[in-house]
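Novice:
Residue numbers (the numbering used here): 45 to 1090.
#1: Quick check: what's the CA-CA separation for residue 335 versus residue 353?
#2: Helix, strand or coil for residue 301, going by three-state DSSP, please let me know.
#3: On the DSSP bridge list, what partners appear for residue 928?
#4: Comparing C-alpha positions only, which one of 914, 159, 892, 149 sits nearest to residue 197?
#5: What residue does the beta strand (DSSP E) around residue 123 start on, and which one ends it?
#6: State buried or exposed for residue 287, treating a residue as buried only when at least 16 other CB atoms are found within 10 Å of its CB.
#7: Which of helix, strand or coil does DSSP assign to residue 835?
#8: Looking at the secondary structure, which residues open and close the alpha helix (DSSP H) in which residue 235 lies?
#9: Do you know offhand how far residue 356's Cα is from residue 329's?
#10: Taking DSSP as the reference, what is the three-state secondary structure of residue 173?
#11: Apart from the five residues just before and just after residue 428, which ones in its own chain have a Cβ nearer than 6 Å to its Cβ?
#12: Are residue 572 and residue 578 closer than 7 Å when you measure CB to CB?
#13: Between the C-alpha atoms of residue 661 and residue 241, what's the straight-line distance to the nearest angstrom?
#14: In the structure shown, what three-state DSSP assignment does residue 1052 receive?
#15: Nearest to residue 259 by alpha carbon, out of 136, 847, 1066, 110?
#16: Tell me which residue opens and which closes the alpha helix (DSSP H) that residue 597 is part of.
#17: What residue from 132, 617, 206, 143 has the CA that sits closest to residue 171's CA?
#18: Could you check the C-alpha separation between residue 673 and residue 594 for me, to the nearest Å?
#19: Are the segment 963 to 976 and the segment 189 to 209 touching by the rule of at least three beta carbon pairs closer than 8 Å?
#20: With distances taken between CB atoms, is the gap from residue 251 to residue 257 smaller than 7 Å?
#21: Compare the Cα-Cα distances from residue 937 to each of 857, 927, 991, 866 and report the closest residue.
#22: Is it a yes or a no for the segment 630 to 643 touching the segment 488 to 496, going by three-plus beta-carbon pairs under 8 Å?
#23: So what's residue 549 in DSSP terms, helix, strand or just coil?
#24: Look at the alpha carbon of residue 366 and the alpha carbon of residue 375, and state the distance between them as a whole number of angstroms.
#25: Buried or exposed: where does residue 372 fall if 16 or more other Cβ atoms within 10 Å of its Cβ makes it buried?
#26: Less than 7 Å between the beta carbons of residue 1167 and residue 990, yes or no?
#27: Using 8 Å as the Cβ pair cut-off and three pairs as the minimum, do the segment 530 to 544 and the segment 875 to 895 touch?
#28: Check for me: the alpha helix (DSSP H) holding residue 826 runs from which residue to which?
#29: Mapping DSSP to helix, strand and coil, what is residue 890?
#30: Please name the residue, chosen from 113, 124, 377, that lies closest to residue 262 on a Cα-to-Cα basis.
#31: What do you get for residue 166, buried or exposed, if any count of 16 or more other CB atoms within 10 angstroms of its CB means buried?
#32: Could I get the ranges of all uninterrupted alpha helix (DSSP H) runs contained in the segment 629 to 654, with 4 residues as the minimum, in chain order?
#33: Measure the alpha-carbon distance for residue 831 versus residue 942 and round it to whole angstroms.
#34: Identify the continuous alpha helix (DSSP H) that holds residue 92 and give its terminal residues.
#35: Is residue 1016 helix, strand or coil by DSSP?
#36: Kindly give me the distance between the Cβ atoms of residue 1001 and residue 971, rounded to whole angstroms, as I take these residues to be in contact under 8 Å.
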């Protein structure tokens, strides 16, 4: 604070100098980080052409995120990899120790302005960013931000970025994906980050740099840095292992003691957890070697940790050869019994002490398992923190190592600093050298141990044993193709040797529900399989693949169904549409359960209505999806059927043991359709009154397990238990209503009974008498019917969408086409909507998450439907409001859990996601498709929002010669000017004008365009007729087609 006695003092030179000096000092002060944690932070910065207008905002976000951690030498460090088509390591982790200089460096990163090769950027991160040489610090948490406004460009040789990112995550790097704008691929971002919880999206770049978004992202990243769990070491199965550690305790290695101690303790714990019969020993060395931990079988963790904590320096030498010789003499040298047979090198602590003190070598029995001698594996782990120092012995390290190698002992070198060739040459291959100072992790080291010593799993062949299941689509859209699907399943099954002891096959069908039609124990011959698959019932409802996956898992892992433990499991999935729910969480959860259990999943998406993103999310990261245009094509595609079977044979491996406990007895309580033979005997009872509490217990267990409610209901109905439960409910309701006046005195939990018991009746009476205070609004579907949407609501129920809306706790907005809309649809569209899958897409395009009020919306607003397609809102003032060009009759009608908007003509159809993907050479846009290869043109069409493009067809360019067209396509400036001449910076539908009207709008090139609508309804631009298709809604605007250049 500064004070002046008078205004004259205020403007005096001395006072001003003092204030300015203090202000200057304050301006130079580094900002205080909000996340004070030691962490290495990396940024992957998108520098593609679509960032041209928002690059500075993207860099502002990067700088603000780095500032939240601070930039210093001993606290947080920050580095940047920039990418477009090429990549650049723009800032290394050890380049800057201040936020200010880091920010200056970020500001100087130039825009690359080409395509989006996220995979290349992640490879550079993997190779360079976190290395010791570039400032990465061993043992310090790594956090990586991946920023993009688009998705991976599919160039020749491009890798899936999710696969590269998984390799980074496997090395312990925490990856956070940040997507900006409408061009992102959310599924891809989830794959990169390893889960939805690690993905953040911003609708615009202004949202990206808003305080709320920054706080959310940096707060999450800070928690990742502070509370990152330790690396997960692979669980493997090693039977008998002798491990000796040679620990560098030279005074020259003091700075590495803490890291070596941590390594020793962690590794010893991991070995104990993975090995049945473990002998553990240790020695330390400087210029000579000393035993510090004689062999102990499965030593207590604290005993080894205490030894590690008590390690002291030997001297200033580092004689690696001495460590190798001592390991041979004290631990591995063969001992012999009286008969001259080798008794191994497994000496007790007393015998080791005799060797160390020069006493007589005693005998030690070899460990046995059930009277059988165990084939033990032996390993020497040489820990080194510097170069070998010659101690005057005649033997050099590589020759000393032969003492161990000749006995079949493996040697692994763990380097904590640069150790030189004389040490690394001890290892027989590079995989046996682990350079902790260069970023190698405990995870990598332990996995290599598993690879070397894990018990080999039995070899499986195509002859079995294998458990294979076929999950067949029985939804409404499969009516005609159902027999073809059965024939395909039979063809695939014929590739396997079905027999009781070989391959067993199961069949599960699914629609709204799922049923097991053939158990594994019965599917032991081709005849049995054919008999069942030829006589499958047809369910004919909507598509609940999640329920199918759930029951398929039970078919493959239920012992009573004939499933066998640990044998390879294969699941063939058929689908001709997509999941019939608004959210895919249940579907992904079921797929994840199959992955965890080691099931090989083969997915066949058939027809044009499949959702490829959905199927590839199920398959990710190890499985493959096969596509076919039709079931007829797939039936005749012998090569694909053979390829699928061969793929399963080449990837045979053991499955894991599934433990599913649902019933009171702890055994499996999951019905096979209506088959109850898997229930515990104590639960196989009819509707007896004294069993009601037991039935309720079972009901709760099944609901908790996630079993679909309709399957539970069918089961209790088939058992005759449902009437008793309903009668119990009626009686309990009657009793509580009678007792409720006296129950009030027992507290709040009883006071609510009276009001709850009559809530439904009161709600109906309130509506009947016009009293809405208790429940002011109608539900969404009732309100839709009242506003002319009967057909729309009926279709929602028929396709399963209504059930999702009714049961969802979230708010939704419905865009209601009236009954007149469906009556007046053209015949070709009516025929198309008879395809249930396509109908669902259209209906989902009329549903929006949350309450989207149009009264508060600005014109040209883009709304995203549940089909993940755009709907463009326009307010044409006196001409009214439109959604994607369709005039609204009513809007913002309030329901209990949302809003509805109503329109009366045409029908909203889900169109292409973004404008630049709309133009195809096969649709008359060959020249325009070529123009899109220019990155500036592509960026204009991709990044501009709420635009209108009067798109010229190939016919429009016929006025130009071939040479002129070639010159145009090679001249970015001329090409961009021409395209801008055909674009308007607002969404203009033909409904913008009434018949006979005319107006002018400004093109992006700064020229006036005259828009008119003739009396018969023809839409014109500069006297050029707009042809069909017109009013095409894309992700960022509207497309009209013209056959002349403007």
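Glycine included, C-beta positions come from ideal geometry on N, C-alpha and C. All figures in this text were calculated on a predicted structure; none of them were measured in a lab.
Specialist: Looking at the atomic coordinates:
#1: Cα-Cα distance, rounded: 15 Å.
#2: DSSP places residue 301 in helix when its eight states are reduced to three.
#3: DSSP, once it has assigned bridges, lists no residue as partnering residue 928.
#4: When only C-alpha atoms are compared, the closest one is 159.
#5: Segment 121 to 127, the beta strand (DSSP E) holding residue 123.
#6: Under this definition residue 287 is a buried residue.
#7: Helix, per DSSP.
#8: 230 to 237 is the extent of the alpha helix (DSSP H) around residue 235.
#9: The straight-line gap from Cα to Cα measures roughly 10 Å.
#10: Of the three classes helix, strand and coil, the one that applies to residue 173 here is helix, per DSSP.
#11: Closer than 6 Å at Cβ, skipping near neighbours: 292, 459, 463, 467.
#12: Between residue 572 and residue 578, the C-beta gap is not smaller than 7 Å, which leaves the two residues out of contact.
#13: Distance between the alpha carbons of residue 661 and residue 241 is about 16 Å.
#14: Three-state result, residue 1052: strand.
#15: The option with the nearest alpha carbon to residue 259 is 110.
#16: 589 to 601 is the span of the alpha helix (DSSP H), which, as asked, contains residue 597.
#17: Comparing Cα-Cα distances from residue 171 to each of 132, 617, 206, 143, the minimum goes to 132.
#18: Put simply, the backbone Cα of residue 673 is about 27 Å away from that of residue 594.
#19: No, they do not touch.
#20: It is a contact, given that the beta carbons lie within the stated cut-off.
#21: Restricting attention to 857, 927, 991, 866, the CA atom closest to the CA of residue 937 is found in 857.
#22: Touching, no, given that fewer than three Cβ pairs across the two stretches are closer than 8 Å.
#23: Strand at residue 549.
#24: Their Cα atoms are separated by approximately 14 Å.
#25: It counts as buried.
#26: The requested residue 1167 is not part of the displayed model; the chain covers only 45 to 1090.
#27: No, because fewer than three Cβ pairs between the segment 530 to 544 and the segment 875 to 895 fall closer than 8 Å, the two stretches do not touch.
#28: Where residue 826 is concerned, the enclosing alpha helix (DSSP H) stretches over 824 to 830.
#29: Three-state DSSP puts residue 890 in coil, outside helix and strand.
#30: When only C-alpha atoms are compared, the closest one is 113.
#31: Result: buried.
#32: Taking 4 residues as the minimum length, the alpha helix (DSSP H) runs contained wholly in the segment 629 to 654 are 629 to 640, in order along the chain.
#33: Rounded to whole angstroms, residue 831 to residue 942 spans 15 Å at the Cα level.
#34: Here residue 92 belongs to no alpha helix (DSSP H), and DSSP marks it neither H nor E.
#35: Shown here, residue 1016 sits in a helix according to DSSP, grouped into three states.
#36: That belief holds up - the Cβ atoms of residue 1001 and residue 971 are roughly 5 Å apart, short of 8 Å.
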